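Engineer:
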Amino acid sequence: MLDKFREAKQAEIDSLRKDFIEGRVPAMYQGERPSFVDAIRAKGPGAVIAEFKPSSPSLGVIRENANPLDFADIYAKNGAAAISVLTEHVYFGGHPDSLFLMTGPGLPLLRKDFIFDPLQVAMTASSPASAVLLIARMFGSAKELKQMVDLARMPGLAPVVEIFDQADLDTAREAGADIIQVNNRDLDTLTTTLDQSRKFIRQKRDNELWISASGVSTRAQVEEMAALGFDAVLIGTSLMQAKNPGQTLAELAGIA
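Heads up, the sequence shown is in the working numbering, so the first residue is 568 and it goes up one at a time.
1. What number of angstroms, rounded off, separates the C-alpha of LEU724 from the C-alpha of GLU741?
2. Between the segment 633–648 and the segment 803–813, can you find at least three pairs of beta-carbon atoms closer than 8 Å?
3. To which residues does DSSP link GLY627 through a beta bridge?
4. Buried or exposed, going by whether 16 or more other CB atoms sit within 10 Å of the CB of GLY627?
5. To which residues of the same chain is TYR596 closer than 7 Å at the C-beta, ignoring the five residues directly before and after it?
6. Could you tell me whether the Cβ atoms of LEU795 and ILE778 are closer together than 7 Å?
7. How many angstroms separate the CA atom of GLU599 from the CA atom of LYS710?
8. By how many angstroms is the C-alpha of PHE667 removed from the C-alpha of MET715?
9. Pull up the CB-CB distance for ASP798 and ILE607, whole angstroms please, since I reckon it's below 8 Å.
10. What's the gap between the Cα of THR756 and the Cα of GLN763?
11. Expressed to the nearest angstrom, what Euclidean distance is found between the alpha-carbon atoms of THR759 and LEU806?
12. Of all the alpha helix (DSSP H) runs that stay within the bounds of the segment 701–789, which reach a length of 4 or more residues?
13. Using 10 angstroms around the beta-carbon of PRO624, count the other beta-carbons present and answer buried if the total reaches 16, otherwise exposed.
14. Express the C-alpha separation of PRO663 and ASP737 in angstroms, rounding to a whole number.
15. Please report the straight-line C-alpha distance between TYR658 and SER602, rounded to a whole angstrom.
16. Measure the alpha-carbon distance for LEU819 versus PHE619 and round it to whole angstroms.
17. Taking only three categories from DSSP, how would you classify SER665?
18. Rounding to the nearest angstrom, what Cα-Cα distance links LEU636 and SER665 in this structure?
19. I'd like to know whether the C-beta atoms of VAL615 and ILE802 end up nearer to each other than 7 Å.
20. Kindly indicate which residue of ILE746, GLY646, MET705 and ASN634 has the alpha-carbon position closest to the one of GLU775.
21. If we ignore side chains and look at the alpha-carbon of each, how far apart do GLY660 and LYS571 end up?
22. So what does DSSP say about LEU636, is it helix, strand or coil?
23. Check the C-beta distance from ALA817 over to GLY646 and give it rounded, since I have them as a contact under 8 Å.
24. Near GLY782, which residues of its chain fall below 6 Å by C-beta distance, leaving aside the five closest residues on each side in sequence?
25. I'd like the span of the beta strand (DSSP E) that includes ALA799, first residue to last.
26. On the CB-based measure, 16 or more other CB atoms within 10 Å of its CB, does LEU718 come out buried or exposed?
27. With a CB to CB cut of under 6 Å and the five nearest residues on each side skipped, what residues in its chain are close to ALA823?
28. Pick from ASP773, VAL789 and GLY743: whose alpha carbon is nearest that of ARG765?
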């Protein structure tokens, strides 16, 4: 599955490289980047990172004509600590422009995409994103991942390193990651189980911030993940499918 996503990003990377060779380097964003870590800690444990995700490989189109401006306001008003913004177009229906469209309420934005080239980090740094997702297993070694972690930190981006198994966690730590996101989805079957988070949280260290992603859809699950030690949960599908996303989020965040 990740190989398919990597292939889908190649045209974008080729375009970025062409621009770079021709001297068109994206300027670094000069506006404020709200602290992703501070926002999570202020509402954690169990802070909700609300995701804007119009489509997914497992479900297809989740919400027709989803407006990022509307969802930014809804999420900000109903207890989200931060917003995860899908910017991958082919499989998730996202666009990097959504990062600019969703800045209004002032919540930190996590750019969620398949980032494995330094120019993608540079592109992210030219946006208002406060954090960027790096998937551990998309890199050939901990050294390669560390280069991207360090590169992200230079302009003030928080590198969120996603893991699926023990090897990923070992790689993330060797690369110096201190924000660990456990993905509860099986990449082969696309099914989810919170047992993934229940297993890995036992290895959390004091200086780390941990996020449980995929498969969380009830307040009871949010409370369980918080009790286990997760600083945040990332919730997308159940919010994007909800008839009233604001009310659903408020319930998940425990403020309804």
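The beta carbon of each residue, even a glycine, is placed where N, CA and C say it ideally should be.
Given the structure is predicted, the values throughout are model-derived calculations rather than measurements.
Structural biologist: Let me spell this out:
1. By 1-based counting over the sequence shown, the position of residue 724 is 157. By 1-based counting over the sequence shown, the position of residue 741 is 174. Computed Cα separation, rounded: 19 Å.
2. Yes, the segment 803–813 touches the segment 633–648.
3. The sequence position of residue 627 within the sequence shown is 60, counting from 1. DSSP lists SER623 as partners of GLY627.
4. By one-based count along the sequence shown, residue 627 stands at place 60. It is exposed - the Cβ of GLY627 has fewer than 16 other Cβ atoms within 10 Å.
5. As a working mapping, residue 596 is identified with position 29 in the sequence shown. Excluding residues within five positions, the ones whose Cβ falls inside 7 Å are ALA692, SER693, SER694 and PRO695.
6. Residue numbering aside, residue 795 sits at position 228 when the sequence shown is read from its first letter. Residue numbering aside, residue 778 sits at position 211 when the sequence shown is read from its first letter. Not a contact, by the Cβ cut-off of 7 Å.
7. Numbered from 1 along the sequence shown, position 32 holds the residue referred to as residue 599. Numbered from 1 along the sequence shown, position 143 holds the residue referred to as residue 710. Computed Cα separation, rounded: 30 Å.
8. Counting from 1 along the sequence shown, the entry for residue 715 is found at position 148. Counting from 1 along the sequence shown, the entry for residue 667 is found at position 100. Approximately 23 Å between the Cα atoms of the pair.
9. Here residue 798 corresponds to residue number 231 of the sequence shown, with the count starting at 1. Here residue 607 corresponds to residue number 40 of the sequence shown, with the count starting at 1. Rounded, the Cβ-Cβ distance is 5 Å, consistent with contact.
10. Here residue 756 corresponds to residue number 189 of the sequence shown, with the count starting at 1. Here residue 763 corresponds to residue number 196 of the sequence shown, with the count starting at 1. Between THR756 and GLN763, the C-alpha separation is close to 14 Å.
11. Counted from its first residue, the sequence shown places residue 759 at position 192. Counted from its first residue, the sequence shown places residue 806 at position 239. One C-alpha to the other measures close to 16 Å.
12. 709–720, 733–741 and 762–767
13. The residue you call residue 624 lines up with position 57 of the sequence shown. Flag for PRO624 reads exposed.
14. Mapped onto the sequence shown, residue 737 falls at position 170. Mapped onto the sequence shown, residue 663 falls at position 96. Taking the straight line from one Cα to the other gives about 30 Å.
15. Indexing the sequence shown from 1 puts residue 658 at position 91. Indexing the sequence shown from 1 puts residue 602 at position 35. Roughly 29 Å separates the two Cα atoms.
16. Locating residue 819 in the sequence shown gives position 252, counting from the first residue. Locating residue 619 in the sequence shown gives position 52, counting from the first residue. Across the structure, LEU819 and PHE619 are spaced so that their CA atoms are roughly 16 Å apart.
17. Position 98 of the sequence shown, counting from 1, holds the residue named residue 665. Reduced to three states, the DSSP call for SER665 is helix.
18. Taking the sequence shown and counting its residues from 1, one reaches residue 636 at position 69. Taking the sequence shown and counting its residues from 1, one reaches residue 665 at position 98. Rounded to whole angstroms, the gap between the alpha carbons of LEU636 and SER665 is 8 Å.
19. The residue labelled residue 615 in the question sits at position 48 within the sequence shown. The residue labelled residue 802 in the question sits at position 235 within the sequence shown. It is a contact, given that the beta carbons lie within the stated cut-off.
20. Residue numbering aside, residue 775 sits at position 208 when the sequence shown is read from its first letter. That would be ILE746, whose Cα lies nearest to the Cα of GLU775.
21. Here residue 660 refers to the residue found at position 93 when the sequence shown is read from its first residue. Here residue 571 refers to the residue found at position 4 when the sequence shown is read from its first residue. C-alpha separation (whole angstroms): 15 Å.
22. The residue labelled residue 636 in the question sits at position 69 within the sequence shown. The answer is helix: DSSP assigns LEU636 an H, G or I state.
23. Taking the first residue of the sequence shown as position 1, residue 817 is located at position 250. Taking the first residue of the sequence shown as position 1, residue 646 is located at position 79. About 6 Å; that satisfies the 8 Å criterion.
24. By 1-based counting over the sequence shown, the position of residue 782 is 215. In its chain, beyond the 5 residues on either side, ASN751, THR759 and LEU761 have a beta carbon closer than 6 Å to the beta carbon of GLY782.
25. Position 232 of the sequence shown holds residue 799. From DSSP, the beta strand (DSSP E) with ALA799 extends over 799–802.
26. Within the sequence shown, numbered from 1, the residue matching residue 718 stands at position 151. By the 10 Å Cβ count, LEU718 comes out buried.
27. Against the sequence shown, residue 823 aligns to sequence position 256. Only ALA817 meet the Cβ criterion.
28. On the sequence shown, residue 765 is found 198 positions in, with the first residue counted as 1. Considering only alpha carbons, the answer is VAL789.
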